[in-house]
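Visitor:
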Amino acid sequence: AVPAAPGRRRPRSVWDLLYREAPELADWAAYFASGATRRAAAQAGLPNAVTDAEAAELAREAEVYLGVVAQLLGVPYQDGLPLGSGEQAAS
838 AVPAAPGRRR PRSVWDLLYR EAPELADWAA YFASGATRRA AAQAGLPNAV TDAEAAELAR
898 EAEVYLGVVA QLLGVPYQDG LPLGSGEQAA S
């Protein structure tokens, strides 16, 4: 990471940094930043922090986001595993 220049405020999150440094991804930064409170609640193990539908939507959007970033970087991208595959592997 590059230290912030003197007199410049450091970004509060990676999404703030993305918004500032890659304007073409600003909509994605806003989308993921908007879920930070729910993500923190889920990571803390709070019950009902997110619904199954919300988690599935986030996973789908994250896959789309990774594809967009790969395209911007000019690198190949392979879609992730289908949702639910981790549960099958764990059983």
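Here the numbering used here is used: the first residue of the sequence shown is 838, the next is one more, and so on.
Ideal placement from N, C-alpha and C gives every residue a C-beta, glycine not left out.
(1) First and last residue of the alpha helix (DSSP H) that includes Ser871?
(2) Using 10 angstroms around the beta-carbon of Leu883, count the other beta-carbons present and answer buried if the total reaches 16, otherwise exposed.
(3) With 16 as the cutoff for other CB atoms within 10 Å, does Leu910 come out buried or exposed?
(4) Going by other Cβ atoms of all chains shown within 10 Å of its Cβ, with 16 needed for buried, is Ala863 buried or exposed?
(5) Would you kindly work out how many angstroms separate the C-alpha atoms of Ala878 and Asp853, rounded to a whole number?
(6) Where do the ends of the alpha helix (DSSP H) carrying Gly904 lie?
(7) Taking the alpha-carbon positions, what's the Gln908 to Tyr914 distance?
Guide: The relevant details are as follows:
(1) Ser871 -> alpha helix (DSSP H) spans 863-871.
(2) Burial call: exposed.
(3) exposed
(4) exposed
(5) 20 Å
(6) 889-910
(7) Cα to Cα, the separation comes out at about 8 Å.
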